[in-house]
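Top to bottom, those sequences are chains G and U. Taking the numbering used here, I'd label the letters of the first sequence as residues 371 to 568. Taking the numbering used here, I'd label the letters of the second sequence as residues 371 to 568. Note that CB positions come from ideal geometry on N, CA and C, so glycine has one too. Computed from a predicted structure; not experimentally measured.
Number of protein chains: 2
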Amino acid sequence: MKAPSSLDELIAALRCLPGVGPKSAQRMAYHLLQRDPSGAARLAAALTQALTRVRHCESCNNYCEEAVCGLCKSPRRDPSLLCVVEGPGDLLMMEQAQCYQGLYFVLMGALSPLDGIGPREIHLDRLIPRATDGVVREVILATNFTVEGEATAHYVGEALRARGLKVTRIARGLPVGGEIEHVDSGTLAQAVLERREA
Amino acid sequence: MKAPSSLDELIAALRCLPGVGPKSAQRMAYHLLQRDPSGAARLAAALTQALTRVRHCESCNNYCEEAVCGLCKSPRRDPSLLCVVEGPGDLLMMEQAQCYQGLYFVLMGALSPLDGIGPREIHLDRLIPRATDGVVREVILATNFTVEGEATAHYVGEALRARGLKVTRIARGLPVGGEIEHVDSGTLAQAVLERREA
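This is the structure we're talking about:
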């Protein structure tokens, strides 16, 4: 027996969420209707509001609701340092680590030609003028150590070095508290290769 | 650095979905804003529409958009059989199995006193008049073989039997294609206990 069409449409619409397949979407729809209609109404309103209000910071490209975000406007940040990250979640992790006082640029992705994500999609056309504003002295590449993240770091690094900027990459190695016996061999090999004077 | 408040609210609202924790909610919000704003708009509209339009069938209690659903109105179903299931997903599975031509009653849950789900929450006050309409001759209990499902079947069965109805329970046993060597011992024990003449 067919489900009512509004329910079918809700199940289909829930599948736009990453990692949600047909079974999960069905379970979510039933849950919302049966157990949490006020949560569903809140979600509908939050989606609409976020779509209307959230935009990209003109300076760092992160999500914000003004032209320039609070972090970029803060006088307590060092404007001579620019850290390039793949996504907003990476920026949050950097801030939680409390190890960095400079500014950011959020690429909103990583190079992945097979998925149609090229230099334009990671906003290289905005990163280059941002990094060559005359104030930035060092660009720190903090993209992931995945194939896409490494390719992105290489590509972005080349483009910025060609313009005379100092470009660095965050270190790879054993995690803090990491034991040699239990680390994967790739990480261990890199840690040996990139060893430094003790 | 704080995320914009509309984004925070979207992340919080996404957590009303079952199985979605803080990390997934964050990933979903970023995905929707960055990669699928049209999907987000569609989801917002689908939620609102489902909340407005979807209601419960007056006869079987399943979700529908009219007073009585298409299945209950169908002249091709046998009104002397009433199958009691826990949720709409169970009804769909029964229909897919093409083994049943009677009508249904959807409890929208199973008894679970610890979670505050008692006889009222599974709509026993509607099931009893439905089952004792004079047309229904047999009620088939097709709740899950879980603790909650078994308790529900027992409770509902007692209530209906007390009103003079014939009540049956779907069979437990080895699955079709099941191998004795690989089945769990509880199922095997039940299959032996509930053996029938060959």
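Sequence-distant residues of the same chain with beta carbon closer than 6 angstroms to residue 531 (chain U), five excluded per side
The count along the second sequence starts at 1 and reaches residue 531 (chain U) at position 161. Closer than 6 angstroms at Cβ, skipping near neighbours: 537.
What separation, rounded to the nearest whole angstrom, lies between the Cα atoms of residue 371 (chain U) and residue 385 (chain G)?
In the second sequence, the residue the question calls residue 371 (chain U) occupies position 1. In the first sequence, the residue the question calls residue 385 (chain G) occupies position 15. The pLDDT assigned to residue 371 (chain U) is 47, lower than 50, so where the model puts this residue is not dependable; a value taken from the coordinates is nonetheless given after this. Their backbone Cα atoms lie some 31 angstroms apart in a straight line.
Among U:524, U:509, U:510, the one whose alpha carbon lies nearest that of residue 575 (chain U):
Residue 575 (chain U) is absent from the structure shown; chain U starts at 371 and stops at 568.
8 angstroms Cβ cut-off: residues of chain G touching residue 375 (chain U):
Along the second sequence, read from residue 1 onward, the residue named residue 375 (chain U) stands at position 5. Those are 435, listed as they occur along chain G.
Give a yes or no on contact between the segment 442-451 of chain U and the segment 475-491 of chain U, applying the rule of three or more CB pairs nearer than 8 angstroms.
no
When you check each C-beta in the segment 412-429 of chain G against every C-beta of chain U, which residues fall closer than 7 angstroms?
412, 413, 414, 416, 417, 418, 419, 420, 421, 423, 424
Quick one: Cα of residue 496 (chain U) to Cα of residue 475 (chain U), how far?
Counting from 1 along the second sequence, the entry for residue 496 (chain U) is found at position 126. Counting from 1 along the second sequence, the entry for residue 475 (chain U) is found at position 105. Roughly 9 angstroms separates the two Cα atoms.
When you compare only the Cα positions, how much space is there between residue 419 (chain G) and residue 454 (chain G)?
Working through the first sequence from its first residue, we reach residue 419 (chain G) at position 49. Working through the first sequence from its first residue, we reach residue 454 (chain G) at position 84. For residue 419 (chain G) and residue 454 (chain G), the distance between alpha carbons rounds to 28 angstroms.
When the Cα atoms are used, what is the spatial distance from residue 564 (chain G) to residue 541 (chain G)?
Taking the first residue of the first sequence as position 1, residue 564 (chain G) is located at position 194. Taking the first residue of the first sequence as position 1, residue 541 (chain G) is located at position 171. Those two C-alpha atoms are separated by around 9 angstroms.
With 8 angstroms set as the bound, which would you pick, yes or no: does the beta-carbon of residue 387 (chain U) sit closer than that to a beta-carbon of chain G?
The count along the second sequence starts at 1 and reaches residue 387 (chain U) at position 17. Judged by the 8 angstroms Cβ criterion, residue 387 (chain U) is in contact with chain G.
Taking residue 518 (chain G) as the query, report the chain U residues whose CB atoms sit under 9 angstroms from its CB, ordered along the chain.
As a working note, residue 518 (chain G) is residue 148 in the first sequence. Chain U residues near residue 518 (chain G): none, gap ~15 angstroms exceeds 9 angstroms.
Tell me whether residue 396 (chain G) is buried or exposed, calling it buried when 16 or more other Cβ atoms sit within 10 Å of its Cβ.
The residue you call residue 396 (chain G) lines up with position 26 of the first sequence. Flag for residue 396 (chain G) reads buried.
Are three or more beta carbon pairs between the segment 396-410 of chain U and the segment 377-384 of chain U nearer than 8 angstroms?
yes
Going by Cα to Cα distance, which pick from G:424, G:391, G:412 is closest to residue 407 (chain U)?
Walking along the second sequence from the start, residue 407 (chain U) turns up at place 37. Checked all of G:424, G:391, G:412; the closest Cα to residue 407 (chain U) is G:424.
Confirm, please, whether the CB-CB distance from residue 456 (chain U) to residue 479 (chain U) is below 8 angstroms.
Your numbering for residue 479 (chain U) matches position 109 in the second sequence. Your numbering for residue 456 (chain U) matches position 86 in the second sequence. Cβ distance < 8 angstroms, so residue 479 (chain U) and residue 456 (chain U) count as in contact.
Counting C-beta neighbours from all protein chains within 10 Å, is the total for residue 450 (chain G) 16 or more, i.e. buried, or is it exposed?
The count along the first sequence starts at 1 and reaches residue 450 (chain G) at position 80. Answer is exposed; the Cβ neighbour count stays below 16.
Any chain U beta carbon closer than 8 angstroms to residue 468 (chain G)
Working through the first sequence from its first residue, we reach residue 468 (chain G) at position 98. Judged by the 8 angstroms Cβ criterion, residue 468 (chain G) is not in contact with chain U.
Just curious, the beta strand (DSSP E) that residue 472 (chain U) is in, first and last residue?
The residue labelled residue 472 (chain U) in the question sits at position 102 within the second sequence. From DSSP, the beta strand (DSSP E) with residue 472 (chain U) extends over 472-476.
Less than 8 angstroms between the CB atoms is what I'm expecting for residue 461 (chain U) and residue 506 (chain U), so what's the real figure, rounded?
Numbered from 1 along the second sequence, position 91 holds the residue referred to as residue 461 (chain U). Numbered from 1 along the second sequence, position 136 holds the residue referred to as residue 506 (chain U). Their Cβ separation, rounded to whole angstroms, is 17 angstroms, which puts residue 461 (chain U) and residue 506 (chain U) out of contact at 8 angstroms.
If you reduce the DSSP assignment to three classes, tell me which class residue 448 (chain G) lands in.
Taking the first sequence and counting its residues from 1, the one referred to as residue 448 (chain G) is at position 78. Strand, per DSSP.
Cutting at 7 angstroms between CB atoms, please list the residues of its own chain near residue 501 (chain U), excluding the five before and the five after it.
Here residue 501 (chain U) corresponds to residue number 131 of the second sequence, with the count starting at 1. Same-chain partners within the cutoff: 452, 509, 530, 535.
Go ahead and pull the three-state DSSP assignment for residue 493 (chain G).
Translated into the one-based positions of the first sequence, residue 493 (chain G) becomes position 123. In this structure, residue 493 (chain G) counts as coil in the three-state DSSP scheme.
According to DSSP, residues forming a beta bridge with residue 487 (chain U):
Here the question's residue 487 (chain U) lines up with position 117 in the second sequence. U:482, per the DSSP bridge assignment.
Since residue 403 (chain G) and residue 413 (chain U) should fall inside the 8 angstroms C-beta cutoff, what is the C-beta to C-beta distance between them, to a whole number of angstroms?
One-based indexing of the first sequence puts residue 403 (chain G) at position 33. One-based indexing of the second sequence puts residue 413 (chain U) at position 43. Contact doesn't hold; Cβ gap of about 14 angstroms is too wide.
Residue 410 (chain U) CB to nearest chain G CB: under 8 angstroms?
Reading the second sequence from its first residue, position 40 is the one you call residue 410 (chain U). Taking Cβ atoms only, chain G reaches closer than 8 angstroms to residue 410 (chain U), which makes this a yes.
So with CB distances below 8 angstroms, who are the chain U contacts of residue 379 (chain G)?
As a first step, residue 379 (chain G) is located in the first sequence; it is residue number 9 there, counting from the start. Chain U residues near residue 379 (chain G): 416, 419, 420.
If we define contact as Cβ-Cβ less than 8 angstroms, is residue 495 (chain G) a contact residue for chain U?
Taking the first sequence and counting its residues from 1, the one referred to as residue 495 (chain G) is at position 125. Judged by the 8 angstroms Cβ criterion, residue 495 (chain G) is not in contact with chain U.
Helix or strand or just coil, what does DSSP make of residue 371 (chain U)?
As a first step, residue 371 (chain U) is located in the second sequence; it is residue number 1 there, counting from the start. Residue confidence is low: residue 371 (chain U) scores 47 on pLDDT, short of 50, so the model does not pin down where it sits. No coordinate-derived value is stated.
So residue 411 (chain G) and residue 377 (chain U) are supposed to be a Cβ contact under 8 angstroms. How far apart are they, rounded?
As a first step, residue 411 (chain G) is located in the first sequence; it is residue number 41 there, counting from the start. As a first step, residue 377 (chain U) is located in the second sequence; it is residue number 7 there, counting from the start. The Cβ separation is near 19 angstroms, so there is no contact.
What are the uninterrupted segments assigned as alpha helix (DSSP H) that are 4 or more residues long and contained completely in the segment 396-460 of chain U, given in chain order?
407-423, 440-443
May I ask you to list, following chain order, the residues of the segment 469-490 of chain U that have a beta carbon less than 9 angstroms from some beta carbon of chain G?
474, 478, 479
Can you pull the chain U residues whose beta carbon is under 9 angstroms from the beta carbon of residue 544 (chain G), in chain order?
The residue you call residue 544 (chain G) lines up with position 174 of the first sequence. Under the 9 angstroms cutoff, chain U gives no residues; its nearest Cβ is about 24 angstroms from residue 544 (chain G).
Tell me, please, whether the CB atom of residue 383 (chain G) is closer than 8 angstroms to any CB atom in chain U?
Taking the first residue of the first sequence as 1, we reach residue 383 (chain G) at position 13. At least one chain U Cβ lies under 8 angstroms of residue 383 (chain G).
Considering only C-alpha positions, which residue in the set U:391, U:566, U:543 is nearest to residue 558 (chain U)?
To locate residue 558 (chain U), count along the second sequence from 1; it is residue 188. With distances taken between Cα atoms, residue 558 (chain U) lies closest to U:543.
If you run the structure through DSSP and keep just helix, strand and coil, what is residue 500 (chain G)?
Residue mapping note: residue 500 (chain G) aligns to position 130 of the first sequence, counting from 1. Helix, per DSSP.
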